[in-house]
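In the working numbering, the protein residues as written are 148 to 309.
Glycine residues also receive a C-beta, built at the ideal position from the N, C-alpha and C atoms.
The block underneath contains the structure these notes are about, expressed in structure tokens.
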């Protein structure tokens with residue numbers, strides 16, 4: 148199973164359209180995950196033309212996005228449990244808030260955003276994955292998104308582009 152992972156697209160504020168590098172990957176996706184800060188439901192409509200879309204809302208998302216997506220959720224893909232949350236909140240680091248959001252759950256993977264910083268690491272046996280942003284790289288040298296490949300294992304990679 149191939150999952151394209153996005154977060155912090157902030158469209159149309161940060162970009163009027165999805166970047167070509169992402170569009171190259173979308174037709175082969177079995178699922179698309181967006182970890183919040185969509186900014187408009189138009190992006191959801193565009194993405195779901197490629198594959199089913201799961202997601203959560205972020206701190207810049209209004210009522211229209213909040214009506215479509217929860218604050219956090221757990222999905223199952225190929226027998227693996229994946230937690231989705233944006234990661235915004237008060238105090239602590241984004242990473243600590245994300246881990247605490249699912250502290251009562253035994254997950255294989257937590258996908259999050261908010262920081263715009265690509266990240267792949269483990270906390271105990273749970274993989275943490277932040278895809279970065281395809282439209283707002285901030286101080287990073289490249290834009291990024293993620294690809295998860297799930298079969299008996301989870302393989303996660305970042306796709307970096309300029």
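Let me know if residue 293 comes out buried or exposed under the rule of 16 or more other beta-carbons within 10 Å of its beta-carbon.
As a position in the chain shown, residue 293 is number 146, starting the count at 1. Buried: at least 16 other Cβ atoms inside 10 Å.
Could you tell me the alpha carbon to alpha carbon distance between residue 210 and residue 234, rounded to whole angstroms?
Taking the first residue of the chain shown as position 1, residue 210 is located at position 63. Taking the first residue of the chain shown as position 1, residue 234 is located at position 87. Straight-line Cα distance between these residues: approximately 18 Å.
What residue range does the alpha helix (DSSP H) around residue 193 cover?
For the purposes of this step, residue 193 is taken as residue 46 along the chain shown, with counting starting at 1. Per DSSP, residue 193 belongs to the alpha helix (DSSP H) from 188-194.
To the nearest angstrom, report how far apart residue 148 and residue 286 are at their CA atoms.
On the chain shown, residue 148 is found 1 positions in, with the first residue counted as 1. On the chain shown, residue 286 is found 139 positions in, with the first residue counted as 1. The straight-line gap from Cα to Cα measures roughly 32 Å.
Buried or exposed for residue 270, please, with buried defined as at least 16 other CB atoms from any protein chain shown within 10 angstroms of its CB.
Residue mapping note: residue 270 aligns to position 123 of the chain shown, counting from 1. Burial call: exposed.
Is the separation between the beta-carbon of residue 151 and that of residue 188 shorter than 8 Å?
As a working mapping, residue 151 is identified with position 4 in the chain shown. As a working mapping, residue 188 is identified with position 41 in the chain shown. No; because the gap between Cβ atoms is not below 8 Å, this pair is not in contact.
For residue 241 versus residue 218, is the C-beta distance shorter than 8 Å?
By one-based count along the chain shown, residue 241 stands at place 94. By one-based count along the chain shown, residue 218 stands at place 71. No, they are not a contact pair.
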